[in-house]
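In our numbering, the protein residues as written are 496 to 703. Read the structure below first, then the notes.
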């Protein structure tokens with residue numbers, strides 16, 4: 496039975512220990528109740544339908560569909576659903592994708608013990624909640640050119656140690672085209688070389 500004024504919460508993460516940690520943080524909080532848990536994106540969609548929580552804590556890296564895809568699917572059915580994304584990555588690209596999908600909050604998992612309760616209450620009230628260090632990352636790259644899907648695909652293969660020639664064969668393009676993509680990637684990321692580009696792309700969230 497729901498208590499009047501209570502904020503109901505669902506947590507979606509494939510790590511049981513993290514779910515247990517969140518449950519422990521919320522256990523002693525008045526007017527906040529953890530009503531559902533899910534270990535993957537599809538479970539999250541099913542549990543949301545069953546419990547309709549006020550606020551959902553959603554991990555980005557899930558074993559089936561991504562947290563962002565789960566958010567999109569749920570918001571198609573429940574446009575007013577509120578989400579706080581949980582992640583270990585502060586990269587600006589992932590933040591933007593999550594916000595565009597409909598997330599109202601974004602939290603690093605390292606700050607859950609200190610900031611989670613305030614974030615839940617803020618998002619429940621209709622506010623956005625983005626930590627200062629993530630807001631700073633967004634501001635630093637707000638005017639940057641975004642990598643295209645093809646450029647991300649090329650960079651993903653570079654990150655796996657694949658040569659330009661093999662990438663060209665895999666994508667059914669010429670090696671000159673791959674080199675042109677790499678030139679654009681280096682320019683957009685401000686990278687010195689292929690390895691530097693991969694490092695920047697990982698930090699900013701272009702690559703998982």
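Ideal Cβ placement from N, Cα and C applies to all residues, glycine included.
Let me check understanding here. Comparing Cα to Cα, which of the options lies closest to residue i?
i, options, result
"residue 482", "567, 590, 568", "The chain is shown from 496 up to 703; residue 482 falls before or after that span and cannot be answered."
"residue 504", "548, 703, 656", "548"
"residue 621", "660, 603, 541, 575", "575"
"residue 690", "657, 630, 529, 612", "657"
"residue 601", "682, 613, 629, 635", "629"
"residue 557", "543, 580, 550, 572", "580"
"residue 572", "593, 616, 560, 542", "542"
"residue 652", "605, 516, 702", "702"
Who are residue i's beta bridge partners in DSSP?
i, result
"residue 533", "507"
"residue 527", "502"
In whole angstroms, give me the CA-to-CA distance for residue i and residue j.
i, j, result
"residue 546", "residue 666", "44 Å"
"residue 662", "residue 649", "7 Å"
"residue 567", "residue 595", "9 Å"
"residue 603", "residue 582", "5 Å"
"residue 538", "residue 559", "10 Å"
"residue 533", "residue 675", "43 Å"
"residue 695", "residue 684", "7 Å"
"residue 561", "residue 678", "30 Å"
With DSSP run on the structure shown, which of helix, strand or coil describes residue i?
i, result
"residue 700", "coil"
"residue 623", "coil"
"residue 669", "coil"
"residue 540", "helix"
"residue 549", "coil"
"residue 512", "helix"
"residue 600", "strand"
With residue i and residue j assumed to form a contact (beta carbons below 8 Å), what rounded beta-carbon distance in angstroms separates them?
i, j, result
"residue 659", "residue 646", "Actually they are not in contact, since the Cβ atoms of residue 659 and residue 646 sit about 14 Å apart, beyond 8 Å."
"residue 612", "residue 520", "7 Å"
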